[in-house]
Amino acid sequence: MTQIVGTLKDSAGNGITGKLIVVLAGSLIDDSTNPDTIYLPQSYTFNVTAGALDITLPQSETSRITYNFQFFKTATDGSLIEPALINFNAMVPNVSPVQFASLTPTGITNDVMDTGALRTARIMATTPALAQSIGGPFPRGSYSPTTTYKFRDLVTYLNRTYISQDLNPITGVVPTNTTSWMNIPVEPNGSLILADGTPYGSTWDGSGKSASQDAVYDQMEDVKSSVALKANLISPIFSGDVIVPNQTLGDASTKAANTNFVAAALSDSNTTINTALALKAPLSSPTLTGTPIAPTAATSTNTTQIATTAYVKSNLTSYATLASPTFTGTPAVPTASVSNNTTQAASTAFVKNSTATFATTISSASIQGNNTNINTLSLTSSLGSSSYRFAFIKVKFSTVGFGKSNAIVTATLRDNAGTTIETSTGSISNTSYLDNNTIYLTKIYNSTFTGNYAFSLYVQVNAATTTDVYTLSNPTVEVLFFA
Numbered sequence: 005m006t007q008i009v010g011t012l013k014d015s016a017g018n019g020i021t022g023k024l025i026v027v028l029a030g031s032l033i034d035d036s037t038n039p040d041t042i043y044l045p046q047s048y049t050f051n052v053t054a055g056a057l058d059i060t061l062p063q064s065e066t067s068r069i070t071y072n073f074q075f076f077k078t079a080t081d082g083s084l085i086e087p088a089l090i091n092f093n094a095m096v097p098n099v100s101p102v103q104f105a106s107l108t109p110t111g112i113t114n115d116v117m118d119t120g121a122l123r124t125a126r127i128m129a130t131t132p133a134l135a136q137s138i139g140g141p142f143p144r145g146s147y148s149p150t151t152t153y154k155f156r157d158l159v160t161y162l163n164r165t166y167i168s169q170d171l172n173p174i175t176g177v178v179p180t181n182t183t184s185w186m187n188i189p190v191e192p193n194g195s196l197i198l199a200d201g202t203p204y205g206s207t208w209d210g211s212g213k214s215a216s217q218d219a220v221y222d223q224m225e226d227v228k229s230s231v232a233l234k235a236n237l238i239s240p241i242f243s244g245d246v247i248v249p250n251q252t253l254g255d256a257s258t259k260a261a262n263t264n265f266v267a268a269a270l271s272d273s274n275t276t277i278n279t280a281l282a283l284k285a286p287l288s289s290p291t292l293t294g295t296p297i298a299p300t301a302a303t304s305t306n307t308t309q310i311a312t313t314a315y316v317k318s319n320l321t322s323y324a325t326l327a328s329p330t331f332t333g334t335p336a337v338p339t340a341s342v343s344n345n346t347t348q349a350a351s352t353a354f355v356k357n358s359t360a361t362f363a364t365t366i367s368s369a370s371i372q373g374n375n376t377n378i379n380t381l382s383l384t385s386s387l388g389s390s391s392y393r394f395a396f397i398k399v400k401f402s403t404v405g406f407g408k409s410n411a412i413v414t415a416t417l418r419d420n421a422g423t424t425i426e427t428s429t430g431s432i433s434n435t436s437y438l439d440n441n442t443i444y445l446t447k448i449y450n451s452t453f454t455g456n457y458a459f460s461l462y463v464q465v466n467a468a469t470t471t472d473v474y475t476l477s478n479p480t481v482e483v484l485f486f487a
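My numbering numbers the first residue of the sequence shown as 5 and each following residue consecutively.
Below is the structure:
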């Protein structure tokens with residue numbers, strides 16, 4: 005349903021009371037209801053008081069059916085006063101509310117616009133959805149921020165042409181706004197806007213004009229030619245006379261050096277070197293002054309090395325006299341062989357090599373004896389390949405008796421061939437059945453001793469009775485060999 009409102013006044017501006025009679029020109033079907041509604045061409049009268057008009061009618065615009073509107077002023081008795089003050093046909097639009105004046109034809113009576121055409125014109129002007137489908141484009145000249153532009157208005161801006169694509173009127177929206185405007189590469193009169201024909205120049209800066217393909221091609225060729233003459237940033241290969249800025253003398257960075265810098269650096273270096281060389285002595289026949297210093301060679305050095313005062317002094321003062329020398333520190337002499345028997349000085353190593361010593365304690369050895377028992381202990385010295393001429397032999401053992409009578413102990417030492425070297429006798433007292441008598445056998449023996457040399461110790465205990473048994477323990481044998 006569409007609400008129609010308005011005010012009806014006479015020529016003096018007074019509200020008119022009367023009746024508005026409305027009747028359809030044909031049947032009107034509303035299929036938005038269920039079941040469909042059919043409005044028939046039966047008239048209906050609305051009361052208008054003091055000119056106030058406020059009625060509701062089904063819209064007929066979509067069905068293209070008109071209404072006939074007649075307004076009559078009424079007398080005091082309510083009767084209609086002829087003729088009708090308003091009598092016209094119009095469609096009720098599909099918008100609500102709507103002004104009754106927008107339905108009423110205007111103008112003088114002999115130049116009345118059809119109500120439908122007037123309605124259409126008003127809708128086109130105010131409804132973007134309809135306006136965008138009818139007419140245009142509309143050239144509007146140069147863009148102005150104070151001008152209101154409608155859909156399909158054309159403007160020029162920064163030497164370019166733009167067309168409004170906003171369905172709503174816009175004001176102050178610059179053409180570069182792609183939401184409201186669309187750029188087209190033509191003048192409003194249809195001609196293409198081109199930039200200066202020069203391939204490239206200052207006139208191109210900020211012009212906004214299109215460049216011709218030919219101009220762009222020429223410029224690209226110039227750029228390619230220029231690039232071909234350039235060196236790579238990485239590992240460039242230069243030719244001709246390469247010129248680089250002159251650097252400050254003393255600069256030690258990765259900057260490129262020109263010949264001027266190198267020449268200045270070499271000159272400065274040569275000056276420094278020559279100054280230093282002037283203070284140097286020549287390699288051949290140098291004449292030294294002051295206090296020359298050289299490394300001090302080892303005392304035993306015998307080469308062409310320069311001898312320092314320290315070297316000379318150590319060689320002149322550190323020798324002993326030939327006659328009755330007095331040595332200090334740790335004198336060293338060559339070590340003679342073991343068989344050497346001359347006046348050569350003997351080193352500690354010679355003395356040690358000339359004496360082979362072994363001392364043997366036969367621990368827990370038990371020598372038990374009576375009148376019929378003889379025990380033997382043997383020991384061997386490994387002399388290697390050296391030969392010795394003297395041997396000092398010492399045998400010691402203690403006697404411990406457990407018998408009840410006195411006893412005699414006899415010990416005999418024999419060499420490697422079984423020959424007796426020495427014999428010694430001792431006695432054991434039965435006073436306490438426990439005694440600590442000691443028996444010694446010593447001998448300086450002159451022979452030839454080489455390799456594994458053995459000595460044998462024979463011990464015999466002679467007791468008063470055969471039932472008394474004595475034990476001798478802890479024998480110790482020491483032998484010293486001399487070259």
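All C-beta atoms in this analysis are idealised placements derived from N, C-alpha and C, irrespective of residue type, glycine included.
Please classify residue i as buried or exposed, where buried requires at least 16 neighbouring CB atoms within 10 angstroms.
| i | result |
| --- | --- |
| GLY82 | exposed |
| LEU572 | What the structure shows of the chain is the stretch from 5 to 487, and residue 572 is not part of that stretch, so it cannot be assessed. |
| TYR166 | buried |
| ASP209 | exposed |
| LEU417 | buried |
| ASN114 | With a pLDDT of only 37 at ASN114, under 50, the local geometry of the prediction cannot be trusted, and the value read off the model is given with reservation. When all chains shown are included, ASN114 counts as exposed. |
| TYR71 | buried |
| SER436 | Its pLDDT being 43, under 50, SER436 is placed unreliably by the model, and the measurement read from it follows with that caveat. Its Cβ having fewer than 16 others within 10 Å, SER436 is exposed. |
| MET95 | buried |
| ASP14 | exposed |
| VAL266 | exposed |
| GLY22 | buried |
| ILE174 | buried |
| VAL231 | exposed |
| ILE397 | buried |
In the DSSP assignment, what residue or residues form a beta bridge with residue i?
| i | result |
| --- | --- |
| SER386 | ASN456 |
| ILE8 | ILE59 and VAL102 |
| ILE174 | TYR153 |
| SER328 | According to DSSP, SER328 bridges with nothing at all. |
| GLN74 | ILE25 and ASN91 |
| PHE354 | None; PHE354 has no bridge partner. |
Suppose the cutoff is 7 angstroms on Cβ atoms and the five residues either side in sequence are ignored; what does the same chain contact list for residue i look like?
| i | result |
| --- | --- |
| GLY10 | LEU57, GLN103, PHE104 and ALA105 |
| SER368 | Confidence at SER368 is low in this model, with a pLDDT of 39, below 50, so its placement is unreliable and the value that follows should be read with caution. Excluding residues within five positions, none has a Cβ falling inside 7 angstroms. |
| THR3 | Outside the displayed span of the chain (5 to 487) sits residue 3, for which this structure offers no information. |
Go through its chain and collect everything with a Cβ distance to residue i's Cβ below 6 angstroms, but skip five positions before and after it.
| i | result |
| --- | --- |
| VAL337 | ALA349 and SER351 |
| SER386 | ASN456 |
| ALA301 | GLN309 and TYR315 |
Determine the closest residue to residue i out of the options, with distance taken between C-alpha atoms.
| i | options | result |
| --- | --- | --- |
| ASN172 | TYR161, SER184 and THR180 | SER184 |
| PRO240 | GLY254, ASN72, ALA260 and VAL355 | ALA260 |
| GLN46 | ASP40, PRO39, THR53 and VAL27 | VAL27 |
| SER148 | ALA285, THR332, PHE155 and VAL177 | VAL177 |
| ASN93 | LEU292, SER36 and ARG68 | ARG68 |
| LEU253 | ILE247, ALA268, GLY244 and PHE242 | ALA268 |
| ALA340 | ALA353, THR332, THR334 and ILE425 | ALA353 |
| THR295 | SER288, SER289, THR312 and LEU287 | THR312 |
Within the continuous beta strand (DSSP E) that includes residue i, where are the two ends?
| i | result |
| --- | --- |
| LEU287 | No beta strand (DSSP E) holds LEU287; DSSP gives it neither H nor E. |
| ASP35 | From DSSP, ASP35 is part of no beta strand (DSSP E); its letter is neither H nor E. |
| MET186 | 185-188 |
| VAL413 | 411-418 |
| VAL246 | Run containing VAL246: none; DSSP gives neither H nor E here. |
| VAL52 | 48-52 |
| ILE4 | This structure does not reach residue 4, given that the chain is present from 5 up to 487, and the question cannot be answered. |
| GLY145 | 142-146 |
So, for residue i: in the same chain, excluding its five sequence neighbours on each side, which residues have a beta-carbon less than 8 angstroms away from its beta-carbon?
| i | result |
| --- | --- |
| THR303 | TYR315, SER318, ASN319 and SER322 |
| GLN7 | ASP58, ILE59, THR60, SER100, PRO101 and VAL102 |
| THR454 | LEU387, SER389, SER390, SER391 and TYR392 |
Can you tell me where the alpha helix (DSSP H) holding residue i begins and where it ends?
| i | result |
| --- | --- |
| VAL96 | Premise fails: VAL96 is in no alpha helix (DSSP H) and is neither H nor E. |
| THR41 | Counting along the chain, THR41 falls outside any alpha helix (DSSP H), though it belongs to the beta strand (DSSP E) covering 41-43. |
| ALA315 | It should be noted that the sequence gives Tyr, not Ala, for residue 315. First-last of the alpha helix (DSSP H) with TYR315: 313-321. |
| SER229 | 217-232 |
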